[in-house]
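According to our numbering, the sequence shown holds residues 56 to 457 in order. Cβ coordinates follow ideal geometry from the N, Cα and C atoms, glycine included. Because the structure is a prediction, the values reported are computed rather than measured. Just below is one structure, and these are the notes that go with it.
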Amino acid sequence: MFQRKRYFDKIAPFMGKPVIKLITGMRRCGKSSFLKLLIEHLKNNGTAAKNILYISMELMEFSFITDHKVLYDYIAKNLARGKQKKYLFIDEVQEIPGWEKAVNSILAEGMADIYLTASNCRLFASEFATLLTGRYVELAMFPLSFEEFLTFRQAQQPTVIEDEFARYLKYGGLPGIHHLELTDEVVFQYVDSIFNTILLKDVVSRYNIRDVFLLEKIAAFIFDNCGNLTSANKITDFLKSQKIKTSVDTVQNYISYLVEAFLVYACGRYDLKGKRHLELADKYYVVDPGVRHATLGFRQNDIASILENIVYIELLRRGYRVTTGRYESLEVDFVARRNDETIYVQVSYLLASEATEKREFRSLEQIDDNFPKIVLSMDKIWGNGRNGIRRLYLPDFLLERH
Numbered sequence: 056m057f058q059r060k061r062y063f064d065k066i067a068p069f070m071g072k073p074v075i076k077l078i079t080g081m082r083r084c085g086k087s088s089f090l091k092l093l094i095e096h097l098k099n100n101g102t103a104a105k106n107i108l109y110i111s112m113e114l115m116e117f118s119f120i121t122d123h124k125v126l127y128d129y130i131a132k133n134l135a136r137g138k139q140k141k142y143l144f145i146d147e148v149q150e151i152p153g154w155e156k157a158v159n160s161i162l163a164e165g166m167a168d169i170y171l172t173a174s175n176c177r178l179f180a181s182e183f184a185t186l187l188t189g190r191y192v193e194l195a196m197f198p199l200s201f202e203e204f205l206t207f208r209q210a211q212q213p214t215v216i217e218d219e220f221a222r223y224l225k226y227g228g229l230p231g232i233h234h235l236e237l238t239d240e241v242v243f244q245y246v247d248s249i250f251n252t253i254l255l256k257d258v259v260s261r262y263n264i265r266d267v268f269l270l271e272k273i274a275a276f277i278f279d280n281c282g283n284l285t286s287a288n289k290i291t292d293f294l295k296s297q298k299i300k301t302s303v304d305t306v307q308n309y310i311s312y313l314v315e316a317f318l319v320y321a322c323g324r325y326d327l328k329g330k331r332h333l334e335l336a337d338k339y340y341v342v343d344p345g346v347r348h349a350t351l352g353f354r355q356n357d358i359a360s361i362l363e364n365i366v367y368i369e370l371l372r373r374g375y376r377v378t379t380g381r382y383e384s385l386e387v388d389f390v391a392r393r394n395d396e397t398i399y400v401q402v403s404y405l406l407a408s409e410a411t412e413k414r415e416f417r418s419l420e421q422i423d424d425n426f427p428k429i430v431l432s433m434d435k436i437w438g439n440g441r442n443g444i445r446r447l448y449l450p451d452f453l454l455e456r457h
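What follows is the structure, encoded as structure tokens:
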């Protein structure tokens, strides 16, 4: 089984500690396999199988667990008693109504070390936030990075980085595609089925949505406008131009549902000169390029926005809090902060002319601090940057150790 070392290294300091380990992310990004890796790690380090309880709400075997009371009784009955450390793993815990009550009790009783996965961030609302504040750590999981994608591919055949990056741009990083033939017909059909499952299970059913057509239209609009300033008003006006009537509130709710299902991520805006967050409109990015292309089709002309989308998700994957930046009338694609570290990132397809290069560097040159500044592009031959701003081949940035 493929070892996702990045995530293991993040969760390892909390293993065996009295906090809930909550692993979040879209369906089929690898959360279930990661739980199994953790279980395998425990067994390899001497934990007896009887001291590990695994529950997957995607399996019919556990369909009898219909609420928190049944969940608690099942766990109390099946976790072996004794002095040995016990471990509890629940996959897709959001499928159990009131689950947080049972989990809180298990934690309070010291019954087990707890690991959960979830495909909807509405978990953090209401009773969960009240009961478990300060008692959990979240590990956000994403589809494969380009580095992980290469590892999957190298296990099957020798690889050429440029060719594999072209495949990554088109097919994305859902782990399941590596069990398939990497062709448009096969991969896009598979990814589209995952997208539809997420819509039905994590959005339509969860929020009792009746107008699925409208939801699909809003998702398509966001996918088609990755990296552009987008607001509920803008989408509502577009839908009206297509003879689709809806309200701004409905559009805003539907967008929030897509965000909660980890299909899209909202990237806020920050005024670098005024040192304040800006409102009115955000930029949105899709969790994985394969999801976008399975829905809209792959369009070579969209390469600039696809590259920007990939860099944004990679920054999140590395643990940064990311906004877009504005300095007077100039835009900085990404301002990424992690602890006391900040980096500024500009993304361009090709710096094909002096005018393009000047435009991409100009906004970074206006920022008067000593934090790193990077311009990423698909140019394979470049100079040494300018005015202290690094210039990097984008795939090299994705493969950098960090």
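### Task
Report yes if the C-beta distance between Y340 and T378 is below 7 Å; otherwise report no.
Start at 1 with the first residue of the sequence shown, and residue 340 comes out as number 285. Start at 1 with the first residue of the sequence shown, and residue 378 comes out as number 323. It is not a contact, given that the beta carbons lie outside the stated cut-off.
### Task
Flag this pair as yes or no: are the beta carbons of A287 and V306 separated by less than 7 Å?
Position 232 of the sequence shown holds residue 287. Position 251 of the sequence shown holds residue 306. Contact flag set, yes.
### Query
Going by C-alpha distance, which of A167, Y399, D395 is nearest D388?
In the sequence shown, the residue the question calls residue 388 occupies position 333. Among A167, Y399, D395, the Cα nearest to that of D388 is on Y399.
### Query
Which ranges does the alpha helix (DSSP H) cover as unbroken runs of at least 4 residues, wholly within the stretch 301–338, from first to last along the chain?
303–315
### Message
One question on the structure: do G282 and E363 come within less than 7 Å of each other, judged by their Cβ atoms?
### Response
To locate residue 282, count along the sequence shown from 1; it is residue 227. To locate residue 363, count along the sequence shown from 1; it is residue 308. Taking 7 Å as the Cβ cut-off, G282 and E363 qualify as a contacting pair.
### Query
Which value, in whole angstroms, describes the spacing of the CA atoms of N280 and G71?
For this step, residue 280 is matched to residue 225 along the sequence shown. For this step, residue 71 is matched to residue 16 along the sequence shown. About 43 Å.
### Query
With contact counted as at least three CB pairs below 8 Å, one residue from each stretch, are the stretch 347–362 and the stretch 243–256 in contact?
yes
### When D292, P344, E95, V390 are compared against G323, the one with the closest alpha-carbon
As a working note, residue 323 is residue 268 in the sequence shown. Of D292, P344, E95, V390, the residue nearest in Cα terms is V390.
### Query
In terms of residues, what are the limits of the alpha helix (DSSP H) holding I117?
Taking the sequence shown and counting its residues from 1, the one referred to as residue 117 is at position 62. Inspection of the sequence shows that residue 117 is occupied by Phe rather than by Ile. Element bounds for F117: n/a, residue is neither H nor E.
### Task
For K435, name the three-state secondary structure that DSSP assigns.
Taking the sequence shown and counting its residues from 1, one reaches residue 435 at position 380. Residue state, collapsed to three classes: coil.
#### Entry: Below-7 Å beta-carbon distance, V342 vs any chain B residue
Absence of chain B from the displayed structure is noted, only one protein chain being present.
### Task
Spatial neighbours of L92 within its chain, please: CB distance less than 8 Å, with the 5 preceding and 5 following residues excluded, ordered by chain position.
Counting from 1 along the sequence shown, the entry for residue 92 is found at position 37. Excluding residues within five positions, the ones whose Cβ falls inside 8 Å are M56, Q58, R59, F63.
#### Entry: Alpha-carbon to alpha-carbon, P344 and E396
In the sequence shown, the residue the question calls residue 396 occupies position 341. In the sequence shown, the residue the question calls residue 344 occupies position 289. Near 28 Å, if we compare the C-alpha coordinates of P344 and E396.
### Query
What separation, rounded to the nearest whole angstrom, lies between the Cα atoms of I138 and A67?
Here the question's residue 138 lines up with position 83 in the sequence shown. Here the question's residue 67 lines up with position 12 in the sequence shown. Residue identity differs from the one stated: residue 138 is Lys in this sequence, not Ile. Straight-line Cα distance between these residues: approximately 22 Å.
### Message
By the DSSP assignment, the alpha helix (DSSP H) with E155 in it spans what residues?
### Response
Along the sequence shown, one-based indexing puts residue 155 at 100. Where E155 is concerned, the enclosing alpha helix (DSSP H) stretches over 154–164.
### Task
Return the Cβ separation of K105 and A131 in integer angstroms, given the expectation that the two are a contact with Cβ distance under 8 Å.
As a position in the sequence shown, residue 105 is number 50, starting the count at 1. As a position in the sequence shown, residue 131 is number 76, starting the count at 1. About 15 Å; that fails the 8 Å criterion.
### Message
Quick check: what's the CA-CA separation for F197 versus L419?
### Response
The count along the sequence shown starts at 1 and reaches residue 197 at position 142. The count along the sequence shown starts at 1 and reaches residue 419 at position 364. Taking the straight line from one Cα to the other gives about 29 Å.
### Given Q149 as reference, the closest of A173, K330, K124 once Cα atoms are compared
Against the sequence shown, residue 149 aligns to sequence position 94. The option with the nearest alpha carbon to Q149 is A173.
### Task
Give the straight-line distance between the Cα atoms of V242 and C84, rounded to the nearest whole angstrom.
Along the sequence shown, read from residue 1 onward, the residue named residue 242 stands at position 187. Along the sequence shown, read from residue 1 onward, the residue named residue 84 stands at position 29. So the two alpha carbons sit approximately 15 Å from each other.
### Query
Bridge partners of I398, per DSSP?
On the sequence shown, residue 398 is found 343 positions in, with the first residue counted as 1. Partner(s): A391.
### Under the three-state DSSP convention, the category L171 falls into
Position 116 of the sequence shown holds residue 171. In this structure, L171 counts as strand in the three-state DSSP scheme.
### Query
Within the chosen definition, does the stretch 425–433 reach the stretch 443–454 through at least 3 CB pairs nearer than 8 Å?
yes
### Message
Mapping the DSSP letters down to three states, classify D146 as helix, strand or coil.
### Response
Here residue 146 refers to the residue found at position 91 when the sequence shown is read from its first residue. Three-state result, D146: strand.
#### Entry: Simplified DSSP assignment, three categories, for I273
Stepping through the sequence shown from its first residue, residue 273 is reached at position 218. Helix.
### Message
Just to confirm my understanding: we take L327, look at its own chain, exclude 5 residues before and 5 after, and list those with CB closer than 8 Å. What are they?
### Response
Taking the first residue of the sequence shown as 1, we reach residue 327 at position 272. G380, R381, Y382, V387, V390, I422, listed in sequence order.
### Query
What is the C-beta distance between K113 and D146, in whole angstroms, given that I count them as a contact (C-beta under 8 Å)?
Counted from its first residue, the sequence shown places residue 113 at position 58. Counted from its first residue, the sequence shown places residue 146 at position 91. At residue 113 the sequence reads Glu, which differs from the Lys that was named. With 8 Å as the limit, E113 and D146 qualify as a contact, their Cβ atoms being about 7 Å apart.
### Task
Along the beta strand (DSSP E) that carries T79, what are the first and last residues, could you check?
Reading the sequence shown from its first residue, position 24 is the one you call residue 79. Residues 75–79.
#### Entry: Rounded separation between M115 and S296 - CA only
Stepping through the sequence shown from its first residue, residue 115 is reached at position 60. Stepping through the sequence shown from its first residue, residue 296 is reached at position 241. About 45 Å.
### Query
Just to confirm, are Y170 and F144 a CB contact at a threshold of 7 Å?
For the purposes of this step, residue 170 is taken as the residue at position 115 of the sequence shown. For the purposes of this step, residue 144 is taken as the residue at position 89 of the sequence shown. Yes. Within cutoff.
### Message
Does Q401 pass the burial test, meaning 16 or more other C-beta atoms within 10 Å, or should it be called exposed?
### Response
To locate residue 401, count along the sequence shown from 1; it is residue 346. Q401 is buried by the Cβ-count criterion.
### Message
Please report the straight-line C-alpha distance between A321 and D337, rounded to a whole angstrom.
### Response
On the sequence shown, residue 321 is found 266 positions in, with the first residue counted as 1. On the sequence shown, residue 337 is found 282 positions in, with the first residue counted as 1. Cα to Cα, A321 sits roughly 6 Å from D337.
### Message
Using a 10 Å radius around the Cβ and a threshold of 16 neighbouring Cβ atoms, would you call V342 buried or exposed?
### Response
Position 287 of the sequence shown, counting from 1, holds the residue named residue 342. By the 10 Å Cβ count, V342 comes out buried.
### Message
I'd like to check one pair, I253 with A157: are the Cβ atoms closer than 7 Å?
### Response
Along the sequence shown, read from residue 1 onward, the residue named residue 157 stands at position 102. Along the sequence shown, read from residue 1 onward, the residue named residue 253 stands at position 198. Result no, Cβ atoms of A157 and I253 do not sit closer than 7 Å.
### Message
Rounded to whole angstroms, what is the Cα-Cα separation between R61 and R373?
### Response
For the purposes of this step, residue 61 is taken as residue 6 along the sequence shown, with counting starting at 1. For the purposes of this step, residue 373 is taken as residue 318 along the sequence shown, with counting starting at 1. C-alpha separation (whole angstroms): 9 Å.
### Contiguous beta strand (DSSP E) assignments of at least 3 residues, all confined to the stretch 211–298
none
#### Entry: Proximal residues to L284 (C-beta, below 7 Å), its chain only, five neighbours per side dropped
To locate residue 284, count along the sequence shown from 1; it is residue 229. For L284, where only same-chain residues beyond five positions count, the Cβ hits under 7 Å are A336, K338.
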